[in-house]
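Enquirer:
Residue numbers (the numbering used here): 13 to 195.
1) According to DSSP, simplified to helix, strand and coil, what is residue 86?
2) Kindly identify the DSSP beta-bridge partner or partners of residue 174.
3) With a threshold of 16 other CB atoms inside 10 Å of the CB of residue 161, please say whether the residue is buried or exposed.
4) Decide if the stretch 154 to 170 is in contact with the stretch 182 to 190; the criterion is three or more beta carbon pairs, one per stretch, under 8 angstroms apart.
5) Taking just the CA atoms, how far does residue 65 sit from residue 55?
6) Assuming residue 39 and residue 90 form a contact by the criterion Cβ under 8 angstroms, report the distance between their Cβ atoms to the nearest whole angstrom.
7) Pick out whichever of 175, 61, 50, 13 has its Cα sitting closest to the Cα of residue 74.
8) Report yes or no: do three or more beta-carbon pairs, one from the stretch 24 to 36 and one from the stretch 133 to 151, lie closer than 8 angstroms?
9) Since residue 115 and residue 13 should fall inside the 8 angstroms C-beta cutoff, what is the C-beta to C-beta distance between them, to a whole number of angstroms?
10) Could you tell me the distance, in whole angstroms, from the CA atom of residue 177 to the CA atom of residue 120?
11) Does DSSP put residue 119 in a helix, in a strand, or in coil?
12) Do residue 97 and residue 52 come within 8 angstroms of each other at the CB atom, strictly closer than that value?
13) Looking only at C-alpha atoms, which of 21, 20, 15, 27 sits nearest to residue 188?
14) So the candidates are 72, 20, 16; which of them puts its Cα closest to the Cα of residue 125?
15) Which residues in the same chain as residue 57 place their Cβ atom closer than 6 angstroms to its Cβ, once the five residues preceding and following it in sequence are excluded?
16) Suppose the cutoff is 7 angstroms on Cβ atoms and the five residues either side in sequence are ignored; what does the same chain contact list for residue 95 look like?
17) Which full runs of the beta strand (DSSP E) of 3+ residues lie inside the stretch 131 to 187, going along the chain?
18) Quick check on residue 18: does DSSP put it in helix, strand or coil?
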């Protein structure tokens, strides 16, 4: 299981799709797409519209259901997002999968620039359209997801963790990801 982690606009979805092209035997589970596919007016969609994270139990249940229905190797994009989710994932799946975390490490400035580019190029993601919500998502990443990333970085033996500087252009970033996966 390859897990793509990083803040908003770091390329989790882009690099997951690129990995699928060179590793077509992997299934791609895009957590954000699963959450955004929930019905309008649902607690999940209301939280997303405000740039907030979904309660851990709800997300873990959705991920467990999806993982249980997905045979073989997996690229998991956008999960875990909290320390509780990271601990749940390692506790429940480290004995079933060889887990490799790819942490896409970029500055806040680059996240903002990439989200703005995505928005100006026609993104239909509602959470990209409001700069205040985008800034809130970045703050939430630092407050909530970074503790999970730091914890996962200490889990040698349970998982493999790679901190990838993905601040350059796409092909150079992808080359670093592929190199990390060969280890």
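Each residue gets a CB set at the ideal place from its N, CA and C atoms; glycine is no exception.
Expert: Looking at the atomic coordinates:
1) Residue 86 sits in a strand when the DSSP states are folded into three classes.
2) Paired residues: 114.
3) It is buried - the Cβ of residue 161 has at least 16 other Cβ atoms within 10 Å.
4) In the pairwise beta carbon analysis, the stretch 154 to 170 is classified as not touching the stretch 182 to 190: fewer than three pairs are separated by under 8 angstroms.
5) Near 11 angstroms, if we compare the C-alpha coordinates of residue 65 and residue 55.
6) About 15 angstroms separates the two Cβ atoms, so there is no contact after all.
7) Residue 74 has its Cα closest to that of 50, out of 175, 61, 50, 13.
8) Touching, no, given that fewer than three Cβ pairs across the two stretches are closer than 8 angstroms.
9) Not really, about 15 angstroms apart at Cβ, beyond 8 angstroms.
10) Here the C-alpha atom of residue 177 lies approximately 13 angstroms from the C-alpha atom of residue 120.
11) Looking at residue 119 - three-state DSSP - the assignment turns out to be coil, as it is neither helix nor strand.
12) In this structure, residue 52 sits away from residue 97, with a CB-CB distance that is not shorter than 8 angstroms.
13) Nearest of 21, 20, 15, 27 to residue 188, Cα basis: 27.
14) Residue 125 has its Cα closest to that of 20, out of 72, 20, 16.
15) Excluding five sequence positions before and after residue 57, the CB atoms of its chain that fall closer than 6 angstroms to its own CB belong to 50, given in chain order.
16) Listed in chain order, the non-local C-beta contacts of residue 95 below 7 angstroms within the same chain comprise 159, 160, 163, local neighbours out to five positions each way being set aside.
17) Runs of the beta strand (DSSP E) spanning 3 or more residues and lying entirely within the stretch 131 to 187 occur at 172 to 177, in chain order.
18) Reduced to three states, the DSSP call for residue 18 is strand.
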